[in-house]
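First up is the structure itself, then whatever we jot down about it.
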Amino acid sequence: MIRYILKRLLLMLPVLIGVTIMIFTIMYFTPGDPATNILGSNATPEQIEAKKEELGLNAPYPVRLGNYMKDVFFHFDFGHSYINGRSVSEDILSRYPATFTVAFLSIALALCIGVPLGVIAATHQNRIGDYVAMLISLFGVSMPNFWVGLMLVILFALNLGWLPGTGIGGPKYYILPCIACALNGIASLARQTRSSMLEVIRSDYIVTARSKGQTERKVIYRHALTNALIPVVTSAAGAFGSLLGGALVIETVFAIPGLGTYMVSAINNRDYPAIQGSVFFVALTFSLVMLLVDLIYAFIDPRIKAQYQGKVRIKK
């Protein structure tokens, strides 16, 4: 298992290198001049040229890329912001917990609601439970999370005054952002769980378990759901990536000081180091989540764990 984890960690390196090269290249060819944006439209050509030289923007593309890759992967240094001059790494690390908290709570909420909805839909196929669950899923897939967030703010913050609509503070500040962010994840997990459960509950071993007199609850949750969870876990990992991206949008709706507001401000100001560092952190988080999903597979299915540990042997 340890060897497998180390192997996966090494395989993450080419992914992160590729993401770094891609986002750096996109920023390099993006129209606009950061020096002009920093100094303002009244700056003279000489001042703009001096600022470019100070920021290293006059160097050729291979030189800039090589220097940036060396700083990121050998010193974990993403440079300094063009706007405020602070370290990008420190800014991201101070804002990252808020973004991760929103994404983590959102995927937890999506799992707690989406999986039971899928189970209900599968066990009540073509009945009222199935129709209600799929109606909720259709609503979740159709509604953009930023629109849902705005509607939640209008209803619960402005009209009813039950919950805060912006900012960050205690646990109540996370309720509306997480609901808005989790809605799409609830829908996708419910649909995936229903599909997996419908395939599993028709299997022979489920019929055998019922014939042995086991309760329906035990058959569904101990036998069927356990074997249907692997595609659901895969779907949950993809949903977490979507929720992480959605959290960046939701943060601007609820004025949460996380990576989302940081990236929006950086994009508006052409703050290239801040944009590149934020994208790198998002890619790193998603890569670690996918590694965690592979490890969860081993706990769900003992056969996969045996393969990881090299205990599976072909008998001659």
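Just so we're on the same page, my numbering is the position in the sequence shown counted from 1, plus 17.
Glycine included, every Cβ here is placed at the ideal spot set by N, Cα and C.
The structure presented is a predicted model; accordingly, all values stated were derived computationally and were not measured.
Just mark residue 279 as buried or exposed, buried being the case when its beta carbon has 16 or more other beta carbons within 10 Å. buried
Determine the extent of the alpha helix (DSSP H) in which residue 114 is found, giving its start and end residues. 105 to 140
Measuring alpha carbon to alpha carbon, tell me which residue in 19, 101 and 110 is nearest residue 56. 101
Contact check, residue 162 vs residue 207, beta carbons under 8 Å: no
Residue(s) in a DSSP beta bridge with residue 97: 104
Thinking C-alpha only, which one of 159, 193, 273 and 205 is nearest residue 173? 193
Touch test, the stretch 167 to 183 against the stretch 108 to 128, Cβ-Cβ under 8 Å, three pairs minimum: no
Give, in chain order, every unbroken run of the alpha helix (DSSP H) that is at least 4 residues long and sits entirely within the stretch 146 to 234. 162 to 169, 192 to 217 and 221 to 228
Sequence ranges, alpha helix (DSSP H) only - wholly within the stretch 272 to 307, length at least 4: 276 to 285
According to DSSP, is residue 239 helix, strand or coil? helix
Assigned secondary structure, residue 53 (DSSP; H/G/I helix, E/B strand, else coil): helix
For residue 328, I'd like the list of residues in its chain whose CB is within less than 6 Å of its CB, leaving aside the five on either flank, ordered along the chain. Any reading at residue 328 must be qualified, since the residue scores a pLDDT of 49, below 50, and its modelled position is unreliable; the value itself is stated next. The answer is none, since no qualifying residue turns up.
According to DSSP, is residue 35 part of a helix, a strand, or is it coil? helix
CB-CB under 7 Å to residue 421, same chain, minus the five flanking residues each way: which ones, in chain order? Outside the shown range of the chain (18 to 333) lies residue 421, about which nothing can therefore be said.
Which of helix, strand or coil DSSP assigns to residue 252: helix
Considering just the uninterrupted stretch of the alpha helix (DSSP H) at residue 83, what are its terminal residues? 78 to 92
Within the continuous alpha helix (DSSP H) that includes residue 60, where are the two ends? No alpha helix (DSSP H) holds residue 60; DSSP gives it neither H nor E.
Take residue 38 as the anchor and find which of 269, 237 and 88 has the nearest alpha-carbon. 88
Cutoff 6 Å; reference residue 263; Cβ partners in own chain excluding five residues on either side: 162 and 198
Comparing C-alpha positions only, which one of 52, 201, 118 and 187 sits nearest to residue 268? 118
Burial state of residue 341 (16 or more Cβ within 10 Å): Here the chain has residues from 18 to 333 only, and residue 341 is not among them.
For residue 307, collect the residues of the same chain with a Cβ closer than 7 Å to its Cβ; drop the 5 residues on either side in sequence, then sort them by chain order. 254
Give me the Cβ distance between residue 135 and residue 211, rounded to the nearest whole Å; I'm assuming they're in contact under 8 Å. 4 Å
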